[in-house]
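Top to bottom, those sequences are chains A and B.
Take the first sequence: its position 88, counting from 1, is numbered 140 in the working numbering, and each next residue is one higher.
Take the second sequence: its position 209, counting from 1, is numbered 261 in the working numbering, and each next residue is one higher.
Here the structure is laid out as C-alpha cells; the discussion comes afterwards.
Number of protein chains: 2
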Amino acid sequence: MLIVQKFGGTSVGDLERIQNVANRIAKTVEAGHQVVAVVSAMSGETNKLVGYAEHFSDEPVRAEVDMLLSSGERVTASLLSIALNAMSHKALSMSGRRAGIMTDGMHTKARIESIDPSVMQDLLSDGNVVVVAGFQGVNEKGQVTTLGRGGSDLSAVAVAGALKADLCEIYTDVEGIYTTDPRIEPKAKKLDKISYDEMLELASLGAKVLQNRSVELAKKLNVNLVTRSSFSEAEGTLITKEENIMEEPLVSGIALDRSQARISLSGVIDRPGIASDIFGRLADSDVNIDMIIQTSGHDGTTNMDFTVPMNELGDAKRVVEQFISNNEIKEYGYDESICKVSIVGVGMKSHTGVAAKAFQTMADENINILMISTSEIKVSMVIAEKYAELAVRSLHSVYELEK
Amino acid sequence: MLIVQKFGGTSVGDLERIQNVANRIAKTVEAGHQVVAVVSAMSGETNKLVGYAEHFSDEPVRAEVDMLLSSGERVTASLLSIALNAMSHKALSMSGRRAGIMTDGMHTKARIESIDPSVMQDLLSDGNVVVVAGFQGVNEKGQVTTLGRGGSDLSAVAVAGALKADLCEIYTDVEGIYTTDPRIEPKAKKLDKISYDEMLELASLGAKVLQNRSVELAKKLNVNLVTRSSFSEAEGTLITKEENIMEEPLVSGIALDRSQARISLSGVIDRPGIASDIFGRLADSDVNIDMIIQTSGHDGTTNMDFTVPMNELGDAKRVVEQFISNNEIKEYGYDESICKVSIVGVGMKSHTGVAAKAFQTMADENINILMISTSEIKVSMVIAEKYAELAVRSLHSVYELEK
Numbered sequence: 053m054l055i056v057q058k059f060g061g062t063s064v065g066d067l068e069r070i071q072n073v074a075n076r077i078a079k080t081v082e083a084g085h086q087v088v089a090v091v092s093a094m095s096g097e098t099n100k101l102v103g104y105a106e107h108f109s110d111e112p113v114r115a116e117v118d119m120l121l122s123s124g125e126r127v128t129a130s131l132l133s134i135a136l137n138a139m140s141h142k143a144l145s146m147s148g149r150r151a152g153i154m155t156d157g158m159h160t161k162a163r164i165e166s167i168d169p170s171v172m173q174d175l176l177s178d179g180n181v182v183v184v185a186g187f188q189g190v191n192e193k194g195q196v197t198t199l200g201r202g203g204s205d206l207s208a209v210a211v212a213g214a215l216k217a218d219l220c221e222i223y224t225d226v227e228g229i230y231t232t233d234p235r236i237e238p239k240a241k242k243l244d245k246i247s248y249d250e251m252l253e254l255a256s257l258g259a260k261v262l263q264n265r266s267v268e269l270a271k272k273l274n275v276n277l278v279t280r281s282s283f284s285e286a287e288g289t290l291i292t293k294e295e296n297i298m299e300e301p302l303v304s305g306i307a308l309d310r311s312q313a314r315i316s317l318s319g320v321i322d323r324p325g326i327a328s329d330i331f332g333r334l335a336d337s338d339v340n341i342d343m344i345i346q347t348s349g350h351d352g353t354t355n356m357d358f359t360v361p362m363n364e365l366g367d368a369k370r371v372v373e374q375f376i377s378n379n380e381i382k383e384y385g386y387d388e389s390i391c392k393v394s395i396v397g398v399g400m401k402s403h404t405g406v407a408a409k410a411f412q413t414m415a416d417e418n419i420n421i422l423m424i425s426t427s428e429i430k431v432s433m434v435i436a437e438k439y440a441e442l443a444v445r446s447l448h449s450v451y452e453l454e455k
Numbered sequence: 053m054l055i056v057q058k059f060g061g062t063s064v065g066d067l068e069r070i071q072n073v074a075n076r077i078a079k080t081v082e083a084g085h086q087v088v089a090v091v092s093a094m095s096g097e098t099n100k101l102v103g104y105a106e107h108f109s110d111e112p113v114r115a116e117v118d119m120l121l122s123s124g125e126r127v128t129a130s131l132l133s134i135a136l137n138a139m140s141h142k143a144l145s146m147s148g149r150r151a152g153i154m155t156d157g158m159h160t161k162a163r164i165e166s167i168d169p170s171v172m173q174d175l176l177s178d179g180n181v182v183v184v185a186g187f188q189g190v191n192e193k194g195q196v197t198t199l200g201r202g203g204s205d206l207s208a209v210a211v212a213g214a215l216k217a218d219l220c221e222i223y224t225d226v227e228g229i230y231t232t233d234p235r236i237e238p239k240a241k242k243l244d245k246i247s248y249d250e251m252l253e254l255a256s257l258g259a260k261v262l263q264n265r266s267v268e269l270a271k272k273l274n275v276n277l278v279t280r281s282s283f284s285e286a287e288g289t290l291i292t293k294e295e296n297i298m299e300e301p302l303v304s305g306i307a308l309d310r311s312q313a314r315i316s317l318s319g320v321i322d323r324p325g326i327a328s329d330i331f332g333r334l335a336d337s338d339v340n341i342d343m344i345i346q347t348s349g350h351d352g353t354t355n356m357d358f359t360v361p362m363n364e365l366g367d368a369k370r371v372v373e374q375f376i377s378n379n380e381i382k383e384y385g386y387d388e389s390i391c392k393v394s395i396v397g398v399g400m401k402s403h404t405g406v407a408a409k410a411f412q413t414m415a416d417e418n419i420n421i422l423m424i425s426t427s428e429i430k431v432s433m434v435i436a437e438k439y440a441e442l443a444v445r446s447l448h449s450v451y452e453l454e455k
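Listed below in C-alpha cells is the structure:
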C-alpha cells in the first residue's frame, strides 16, 4: 500500500519523539508499504517564530511571515529524514514547493490549488521514503505560502489525493474519534469507522481531532483518512465514504460544544429585510452565527435568539447596540452559561424518531431545551450549561453507544 | 549606486541587532541607493541545528543537513524584511534558490556555478530592498545546497557580480583590514584600500576578516569589496583591482600566523620521487603543507623542514612514522612553539630590498629566522613564537606603517 502519514507538532515535539516517528515509519516500510510522511513544525517552534516577527511589527507583512514560519516544517522534515537514513532507510525531505504543492496567493491562509506529484512519485519508485514539510506551498510567483490552521493536515490529505494513496493517517495525541468525550462519559467507545459527513458534523460541534477543511478535502478527493495516536499502537478511526461503512449505526456520537453564547433580541421591528440587515451586519463584523430562532412577539414585533462563539460576543453586542440606537430593536440579553449538545449519525436519514427520542430524554431528566436545530444527520439542542454532562451521558446511554 | 550589503551571524545575532541592520539599510536607501542585503543565520543557530542532526547520526546525510541548515538564513532574511517593511521600506526576502543561485551537487560545500539575477533585478526596479538568505543555493535537481564556511560572503560576492553592483559591503565586527593586528601593535592603522592579491596573502596568513574563496571570487568577478563594522559608522577597507589603487604602498601590512607547527625530518634517503611520496601521502591524509625547506645532510641523505597547521600535526606525524618504519626517514622532530611573520605589499614587485630590510630587522632584534619563503608580493619568515610580538612591532615600525 501507499500510505501518507502525517505527524503533528506534538508528535515531533522533541528529538526523541522524532526518533519515535522514524521508528514507526521504518516499521511501516518494513511491512512492505510505501510511505510519504508529512510533518509539522516541532511544537512551540511556530509560536517562537511568530514572537520574533511581532518584535518588529504588530502586523508583520504576511508574505514574510510565510517565509519565516515555513522554516519550522523544513527543520522537522530534514531531521526526520536524517533519522531514517541513519536507520538505513533511504529518505528524502522536501519543501512544499518541491512536493509540487501550488497554492493561491493568500499569504498566511493560502488554499491549495493543485499538486504536481511527479517528483514524489519518482522518489517513491526509487525506494525512498518521502518526507514533506507540511503547512506550506508556493504561489504562482514562486513565493512560499502557508495554509493557516490545520495546514499540515491539509497538506497530507492533498498529497494523498494527488498520489492516489490507499490511506492517509493523521497521527495526533488521541487514539481516534469517540462516541463522545471520554472525560465526560468514561463508557465512550472509539469508533472504527465514520463517514465524512458525520465527521464534519462532529468536528464543527467541537471534536478537535480534525478540522473541517481537511475532512472536506478528503471527501472531495475521496481519501481514506485515519486518525490515530502516535504514542500507541492502537488502531485509529477510519473516516471514509458512507458506502464503505457496511452497517450504518443509527447514531455515531454525541458532541458537546461549550464555547457558544446565546443572544436574545426582543421587540425587533417588523420591516422587510430586518433579519438580513442584522445578520449581514454581524457577518461583516466577522461574527459567526450558529443557530437562529425567530418567534413573533406582541405589538407586531418579533423576537430572535441566536448563538455566537463566546469570543465573538463582544463584537456581536456592539452590532446589536447599533440597532437599539436606531430603535429597530427594543432590548436584548445574552447568556454565556449555555451549551450545545448534538446527536450525529447517518442512520438518522433512514430512521424516524431519533430526534423525538432525544427530546424525550431531556424531558425525562428535567432539562429545558432552549433552542433546537436539525439537519439530515444531526440534532442539536441548546441547554443550560450546568446540565451538559448529564445530557451527554443520558443520550450516550439512550442510543446505546457504549455497546 | 547598487550596493550589496552582507551581514554575518554576529551582526544579526539577536532581534535588536537585526533592527540595527534594518536601520542601516534604511539609511542607505534613504541616501538614494538600491540595496540587496545578504544575511547569515543568527549566531548560534547553525550550531544548534548541527547538534540536532548529530543526535540522530554521527554522519548525518549531507543533502538533509543542507535542507536543515538552510532554514537558519531564511529565518534571518524574513525577519529583516519584516523589520524593513515595518519601517515602510518595501522589502522582500528570498531563498538562495529564488535569488537564482545555482550550484553544483556537492552538499554541505557546494560551489556556485551561475546566478540568474532576473528576479532580483525585477524587484529592485520595483523599488524593493531584496533580502537574500546567504550560504545557500540549489542544485540542478532542485535540492537545496549550502556553500560551506564563509558561504554567505560568497553569496554576497556572487550576487554583486551577477547584478554588476557598484559595491559589495561585508559587515563584520571589525572595522576593516589593518596594517597588523591592533592587539599586538596599537599603532596599527586601518587601510583605506588594498588589492585583491594583497588581501589574499593577508587572509591566508591569518587575517580572519575574509576568506580566500570570497576574495578570489571578487577578483574574478571584478567586484569592489568593502569590509566594515556593523557596530560603527567608520568607513571600512576597500578591496579592489591593483589599477584602482593610485599610490601603491611598498608594504601594506604585517601578518602573524601562530597556528602552524614545524616538522623536521633528518636522514631522508636519497631516491628519486621520495619528496613527492612524502608530500603526496601527507596530502592524501588531508594535511595542508605550507612552507618547505630541503637541505642536504651527510651520508648522501637530505633533511626536510616543513610547516603544517597545528591541528593537523597528529595526522602528519602518523604519515612520517610510516616512512620511518620503512627506513626511508631516519628520525624526525617537531616544534609547536613557532610562528610565521609575513610582510605583504604589491609595492614589492617594483622595489628591491624589501626582503633584505626584513631580514636585517630580525638580525637587529637578535631573532633567528628558521625558515623563509617569498612570493611576488610577500615575504614570510618562521621564527620562535616568543618573538612574535617583537617581530611584528619592529617590522611595523621599519616599514613606517603607523604613518
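We put the CB at the ideal spot given by N, CA and C, even for glycine.
Going by the CB atoms, is the gap between residue j and residue i shorter than 9 Å?
i                : j                : result
Leu277 (chain B) : Val396 (chain B) : no
Thr353 (chain A) : Ile321 (chain A) : yes
Asp168 (chain B) : Met154 (chain B) : yes
Val64 (chain B)  : Ala217 (chain B) : no
Gly288 (chain A) : Lys239 (chain A) : no
Ile306 (chain A) : Ser394 (chain A) : yes
Gly456 (chain B) : Val303 (chain B) : The question about residue 456 (chain B) has no answer here: the residues shown for chain B are numbered 53 through 455.
Ala23 (chain A)  : Leu136 (chain A) : Since the first and last residues shown for chain A are 53 and 455, residue 23 (chain A) lies out of range.
Ala89 (chain A)  : Val73 (chain A)  : yes
Leu422 (chain A) : Ile390 (chain A) : yes
Ser281 (chain B) : Val209 (chain B) : no
Ser204 (chain A) : Gly60 (chain A)  : yes
Where does residue i land, buried or exposed, given buried means 16+ other C-beta within 10 angstroms?
i                : result
Arg126 (chain B) : buried
Arg159 (chain A) : It should be noted that the sequence gives His, not Arg, for residue 159 (chain A). Label assigned to His159 (chain A): buried.
Lys271 (chain A) : buried
Lys58 (chain B)  : buried
Ala368 (chain A) : buried
Arg323 (chain B) : exposed
Lys245 (chain B) : buried
His403 (chain A) : exposed
Gln312 (chain A) : buried
Thr347 (chain B) : exposed
Met362 (chain B) : exposed
Glu250 (chain A) : buried
Glu388 (chain A) : exposed
Asn180 (chain B) : buried
His448 (chain B) : buried
Round the Cβ separation of residue i and residue j to the nearest angstrom and send it over; I've been treating them as touching at under 8 Å.
i                : j                : result
Glu116 (chain B) : Ser122 (chain A) : With 8 Å as the limit, Glu116 (chain B) and Ser122 (chain A) do not qualify as a contact, their Cβ atoms being about 17 Å apart.
Ile164 (chain B) : Leu219 (chain B) : With 8 Å as the limit, Ile164 (chain B) and Leu219 (chain B) do not qualify as a contact, their Cβ atoms being about 19 Å apart.
Gly148 (chain B) : Gly200 (chain B) : So it is not a contact: roughly 13 Å between Cβ atoms.
Leu131 (chain A) : Phe108 (chain B) : 7 Å
Met146 (chain B) : Leu215 (chain B) : About 13 Å separates the two Cβ atoms, so there is no contact after all.
Ile419 (chain B) : Gly319 (chain B) : With 8 Å as the limit, Ile419 (chain B) and Gly319 (chain B) do not qualify as a contact, their Cβ atoms being about 28 Å apart.
Leu252 (chain A) : Tyr104 (chain B) : About 38 Å; that fails the 8 Å criterion.
Tell me whether residue i sits in a helix, a strand or coil according to DSSP, three-state version.
i                : result
Glu380 (chain B) : coil
Lys241 (chain B) : coil
Val278 (chain A) : strand
Ala151 (chain B) : coil
Ile429 (chain A) : coil
Ala307 (chain B) : strand
Arg314 (chain A) : strand
Ser247 (chain B) : strand
Met414 (chain A) : helix
>> Please give the ranges of any alpha helix (DSSP H) in the region 55-133 of chain A, keeping only runs that are unbroken, at least 4 residues long and fully inside the region.
In response: Runs of the alpha helix (DSSP H) inside the region 55-133 of chain A: 67-82 and 97-108.
>> Restricting to runs no shorter than 3 residues, where is the beta strand (DSSP E) found entirely within the region 160-226 of chain B?
In response: For the region 160-226 of chain B, whole beta strand (DSSP E) runs of length 3 or above, ordered along the chain, are 164-167, 181-185, 188-190, 196-198 and 219-224.
>> As an exercise, report each continuous beta strand (DSSP E) stretch of at least 3 residues that is fully enclosed by the region 331-406 of chain B, in chain order.
In response: Complete beta strand (DSSP E) runs here, min 3: 344-348, 354-361, 381-387 and 390-396.
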